[in-house]
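**Student:**
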Amino acid sequence: MNAEVVLFFLFGGLAVVGALNLILQRHPIHSALSLILVMGSLAVLYLLLGAEFIAAIQIIVYAGAIMVLFVLVIMLLNAGEEEHINVSKLARYVGVPFAALLLAELAYFTYRWSPQMLVEPDRFVGRTAAVARLLFRDFVLPFELTAILILIATLGAIVLAKKDV
Amino acid sequence: MLNLLWLVPMLPLLGAFWLGVAGRRMTNRTVSAVGVGSVALAFAVALGTAFEVASLPADSLPVVQSYFTWLQAGDFRVEINLYLDALSLLMILVVTGVGLLIHVYSIGYMAHEGGYYRFFAYLNLFMFFMLLLVLAGNYLLLFVGWEGVGLCSYLLIGFYFLRKSASDAGKKAFIVNRIGDFGFTIALLLIFWTFGSLDYTAVFSRAASLSVDPADPGQVGLLTAIALLLFTGAIGKSAQLPLYVWLPDAMEGPTPVSALIHAATMVAAGVYMVARSHVLFSHAPLALTVVAVIGGLTAFFAATIALVQNDIKRVLAYSTVSQLGYMFLGLGAGAFAAGIFHLMTHAFFKALLFLGAGSVIHAMGGQQDIVKMGGLRKRIPATYWTFLAATFAIVGMPGFSGFFSKDEILWKTYTSTSLQPSWLLYPLGLGAAALTSFYMFRLLFLVFHGEDRYTPETARHIHESPRVMTLPLAILGVLSVVGGWVGIPPAVGDFLGLSNLFEHFLDPVFASSAALLQAGAMPHTHAEELGLMAVAVLTTALGLGVAYLFYILNPKLADTTAETLAAAYRVLKNKYYVDEIYDAAVVQPLHWLSDRIFWQAVDVRIVDGAVNGAATQARGIGQRVRYLQSGNTRSYAAWVILGAVIVLSYFIFG
Amino acid sequence: MIPVSYYVALSAVLFGLGALGFVLRRDVITIFMSIELMLNAVNLAFVAFSYAWQQLNGQVIVFIVIVVAAAEAAVGLAIVILVHRNRASLNVERVNLMKL
């Protein structure tokens, strides 16, 4: 019973709990906080898998910026608890069972056909330098494109949300 | 000039096109110049070609000029080619010559009619198709001309299209022709199937090599079928029994049309076609017999109807049907040259008769009932004398053109070896000759002799036709007299030291058949021929005498005879009720079929039902499917999940 | 020692839960967050496989995904604001002007 196993089950469990909480909570702010929990747990799991750079990025960008944005919007719009109108029969009686089915199928599938290699620490580490080398050499085009994408998204968000004065 | 042969049909086509496009704004003079000029030029080219051919050696004919390939699909190949031999040369001379005279006549006759340019345009178009028909080098091109003249006939019969009777007559002509054309088309298919080509040269050379052995029924049967089906087309086009009913009604058209199309040329197309296909017919003796029998029966039958008709054009129409019967009788007896000879002389005198009738109608201010005419010979002498010449020609007065041609046919019918029921056909021919003489003289006497039976207003109107109309009458009159002198039979010719030029002219055309048909012929003496000639002359005189009796000596006799034989008179007057029989037996059932079956059942229920039903189904499905697009985002999400699950399941388990 | 397949299975579970939330919830923001959950699950799978094949390409993809998620979140939340402005409610059922 070494540290990796404990860490895995702890933070994996936390992630699942957070996800369950996200979908079961009534008030969006609770769901947002659960999502932050999930992201944090995932960052730890990335570290377990040796992806240092990605873990850092996860915390800084995902949990630190995107979720903040979510919370900001929830507070801005003063989102309250969900209403109880339930118009779509299809979503209730078909969507939910099938989503559950999807979950089960995916779990089964991934378990059966995944590599059985054991995760050992330090076997493979995603050092920042190595990742950066890839990013700026082999994948420089997608990298630049995502930069432009961010720019466009920023412009888009501003244009969409501004009030016509 | 031979390589300008294509000009002969093309010049009238150009005229028709020019008139059709620009004629509306032209003056009558320009229209006349174009319309008559194109035919005159075509006639000139035809004459030039004739002179050139005359100077060529004897076996240079037939000349086939091929211009380009029209259709080609696998083995099937049809070219645009023109076929010139003695027969087609004769035909183009007759068509362009008589056509030219009638065009000139029309300048005067149609001068005060509306649609002047349209008339000449259609007339020129007709000339094109007719010339194409006789010059064609293959059966398909012949058929193009065949159909084209039918079209022009429809257009010209219905020229006064505002009159319902005229447009009905045009329709009737076209539809009845179509029935014959159906047989013709099947014949074309069979010809291609049997001989592998529709080209004259190919078909005739292959047919000539076939046997006539009665012990080989298959081959002869096929040829007989082909010949009979070809003849079906001729029955329609040349107004024989039972498809003659359109020709009397066709008199609704202007008189020059009746002269050109329904006397001289178009109706002769059937005769030409049978003569052209003589190789096929001579290898199918049964078909020849059928041709002769139908021809003989028609000649007699139509003559009986003409006895009691009172419309001047109708008498001539039934006379045309009867004379065409004579031509087919001659062809069926194996005397192809004799049939064509009669075609030529008939063109002369029948055109003259019609043009003369037109002159009479013109003088009488539109009156066509001969009962209301009489004594016109003093008032319109030019018309009278030419009409008289034509009458003498048609009844076979010795020395006139019709005498030689008709006599030739009767002689060949009598002496034919291949014709089984010659014991029936010769009397039919002779009887028809007697009747012809009677009704033609009846016509002459009632119109031109006797007392004046017209009203005083009409009397003031009577005048001789202008020179532009009487000149063609005169020319045709001369031709009616001398036109037969090229075909003097040996019985007389030997006596006079003249030979039968006509037959020699056409000998090379019919050579292959002549040998076949003369097999086993018994020799006949000149005395026999002269004897038969005398019999024919006697029957003509008999007809003349009876007519003179009925209409000059004792005018009441005609009426009392009609009363005594009232039933027979009624039957004849009503044309044996054939039109009514056809209507009840064919037209009404077809109407019923079209209305109840094809319209209400098939079109409304099945076709409309299928189309509307498909549309209704589409709408129904649409009504139900539209709920998919509910506008509700959550249901869309559900569909996405559903789709994902299905695809995933397929990948895992499928 | 944990096999890599456990990580992948966890990723699958998270993804399924995200899908469930996506069809279950009525609040627009919550639905959006479920989508983010799904993206995260996918990231986990990529990193796991990157470890398994001993190649860094998976991690580069994760990087790109995170960037794209950020852009998407920005624009998506702008749209959420617009929806709230126009329909005065954050219930996705109320966004129904295209309804039959």
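Protein chains in written order, with the working numbering: chain A, 1 to 165; chain B, 1 to 654; chain C, 1 to 100. Ideal Cβ placement from N, Cα and C applies to all residues, glycine included.
With a cut-off of 8 Å on the beta carbons, I'd call residue 551 of chain B and residue 558 of chain B a contact; round off their distance for me.
**Tutor:** Confirmed, about 6 Å.
**Student:** For the 8 Å Cβ check, are there 3 or more pairs between the stretch 387-396 of chain B and the stretch 460-467 of chain B?
**Tutor:** At 8 Å Cβ cutoff, the stretches do not touch.
**Student:** With a threshold of 6 Å on Cβ separation, who are the neighbours of residue 148 of chain B within its own chain once the five nearest residues in sequence on each side are excluded?
**Tutor:** So the list reads 129, once near-sequence residues are dropped.
**Student:** Can you check whether the C-beta of residue 605 of chain B is within less than 8 Å of a C-beta belonging to chain A?
**Tutor:** With 8 Å as the cut-off, residue 605 of chain B does not count as an interface residue toward chain A.
**Student:** Using beta carbons (cut-off 8 Å, strictly below), is residue 626 of chain B in contact with chain A?
**Tutor:** Not closer than 8 Å to any Cβ of chain A, the Cβ of residue 626 of chain B fails to qualify, so no.
**Student:** Could you list the residues in the stretch 55-82 of chain C with a C-beta less than 8 Å from some C-beta on chain A, going in chain order?
**Tutor:** Listed in sequence order: 56, 57, 59, 60, 62, 63, 64, 66, 67, 68, 69, 70, 71, 72, 73, 74, 75, 77, 78, 79, 80, 81, 82.
**Student:** Return the Cβ separation of residue 31 of chain B and residue 116 of chain B in integer angstroms, given the expectation that the two are a contact with Cβ distance under 8 Å.
**Tutor:** At roughly 6 Å, the Cβ-Cβ gap stays under 8 Å, so residue 31 of chain B and residue 116 of chain B are in contact.
**Student:** Along chain A, in chain order, which residues have C-beta atoms closer than 8 Å to that of residue 645 of chain B?
**Tutor:** The answer, in chain order, is 98, 101, 102, 105.
**Student:** So residue 79 of chain B is in the beta strand (DSSP E); what residue range does that whole segment cover?
**Tutor:** It spans 76-84 - the beta strand (DSSP E) in which residue 79 of chain B sits, taken as one unbroken run.
**Student:** Would you be able to state if there are at least three C-beta pairs under 8 Å between the stretch 633-645 of chain B and the stretch 57-71 of chain A?
**Tutor:** Contact fails: fewer than three Cβ-Cβ distances are below 8 Å.
**Student:** With distances taken between CB atoms, is the gap from residue 233 of chain B to residue 270 of chain B smaller than 8 Å?
**Tutor:** Taking 8 Å as the Cβ cut-off, residue 233 of chain B and residue 270 of chain B qualify as a contacting pair.
**Student:** Please check the pair residue 295 of chain B and residue 240 of chain B, which I expect to be a contact at CB under 8 Å, by giving their CB distance rounded to whole angstroms.
**Tutor:** Contact flag correct, Cβ pair sits at about 7 Å.
**Student:** Reducing DSSP to helix, strand and coil, say where residue 70 of chain B ends up.
**Tutor:** Here residue 70 of chain B sits in strand by DSSP.
**Student:** Give me the subset of the stretch 4-25 of chain C whose CB atoms are less than 9 Å from a CB atom of chain A, sorted by chain position.
**Tutor:** Against chain A - using a Cβ distance shorter than 9 Å - the residues of the stretch 4-25 of chain C are 4, 5, 6, 7, 8, 9, 10, 11, 12, 13, 14, 15, 16, 17, 18, 19, 20, 21, 22, 23, 24, 25.
**Student:** Could you please give the first and the last residue of the uninterrupted alpha helix (DSSP H) stretch that includes residue 178 of chain B?
**Tutor:** From DSSP, the alpha helix (DSSP H) with residue 178 of chain B extends over 164-195.
**Student:** Output, in chain order, the set of chain B residues within a Cβ distance shorter than 7 Å of residue 92 of chain C.
**Tutor:** Chain B residues near residue 92 of chain C: 633, 634.
**Student:** Indicate the three-state DSSP secondary structure (helix, strand or coil) for residue 142 of chain B in the structure shown.
**Tutor:** Helix.
**Student:** Taking one C-beta from the stretch 150-166 of chain B and one from the stretch 252-264 of chain B each time, how about it: are there three or more such pairs within less than 8 Å?
**Tutor:** The stretch 150-166 of chain B vs the stretch 252-264 of chain B: in contact.
**Student:** May I ask you to list the residues that DSSP assigns as paired with residue 199 of chain B?
**Tutor:** Per DSSP, B:138.
**Student:** Residue 131 of chain A versus chain C: which residues are under 9 Å apart at the beta carbon?
**Tutor:** Chain C residues near residue 131 of chain A: 56, 59, 60, 63.
**Student:** How would you list, in chain order, the residues of chain B whose beta-carbon sits under 9 Å from the beta-carbon of residue 109 of chain A?
**Tutor:** Within 9 Å Cβ-Cβ: 648, 651, 652.
**Student:** Taking the CB atoms as reference points, tell me whether residue 127 of chain B and residue 45 of chain B lie closer together than 8 Å.
**Tutor:** Their beta carbons are not under 8 Å apart, which means residue 127 of chain B does not touch residue 45 of chain B by this criterion.
**Student:** With distance defined between alpha-carbon atoms, name the residue in B:134, B:555, B:179, B:395 nearest to residue 480 of chain B.
**Tutor:** Taking only the C-alpha atoms, the option nearest residue 480 of chain B is B:395.
**Student:** State the DSSP-derived secondary structure class of residue 2 of chain C, mapped to helix, strand or coil.
**Tutor:** It is a strand residue.
**Student:** So which residues of chain C does residue 621 of chain B contact, with C-beta pairs closer than 9 Å?
**Tutor:** Result: empty, since nearest Cβ-Cβ is about 16 Å, beyond 9 Å.
**Student:** Less than 6 Å between C-beta atoms, sequence neighbours within five positions excluded: which residues of the same chain meet that for residue 44 of chain C?
**Tutor:** Closer than 6 Å at Cβ, skipping near neighbours: 11.
**Student:** Starting from residue 95 of chain C, find everything on chain B with Cβ-Cβ shorter than 8 Å and list it in chain order.
**Tutor:** Neighbours of residue 95 of chain C on chain B, chain order: 633.
**Student:** For residue 65 of chain B, does the three-state DSSP call read helix, strand or coil?
**Tutor:** Strand at residue 65 of chain B.
**Student:** Which residues, in order along the stretch 131-148 of chain A, keep a beta-carbon less than 7 Å from a beta-carbon of chain C?
**Tutor:** If the cut-off is 7 Å between Cβ atoms, the stretch 131-148 of chain A has 131, 134, 135, 139, 142, 146 near chain C.
**Student:** Do you know how far the Cα of residue 355 of chain B is from the Cα of residue 381 of chain B?
**Tutor:** Their backbone Cα atoms lie some 14 Å apart in a straight line.
**Student:** Smallest Cα separation from residue 533 of chain B: which of B:447, B:451, B:399, B:201?
**Tutor:** The candidate whose alpha carbon is nearest that of residue 533 of chain B is B:399.
**Student:** For residue 28 of chain B, I'd like the list of residues in its chain whose CB is within less than 6 Å of its CB, leaving aside the five on either flank, ordered along the chain.
**Tutor:** Same-chain partners within the cutoff: 116.
**Student:** Give, in chain order, every unbroken run of the alpha helix (DSSP H) that is at least 4 residues long and sits entirely within the stretch 595-637 of chain B.
**Tutor:** If we require 4 residues or more, the alpha helix (DSSP H) runs fully inside the stretch 595-637 of chain B come out as 609-625.
**Student:** Counting only the same chain and skipping the five closest in sequence on each side, list residues whose C-beta sits under 8 Å from that of residue 27 of chain C.
**Tutor:** 90, 91, 92, listed in sequence order.
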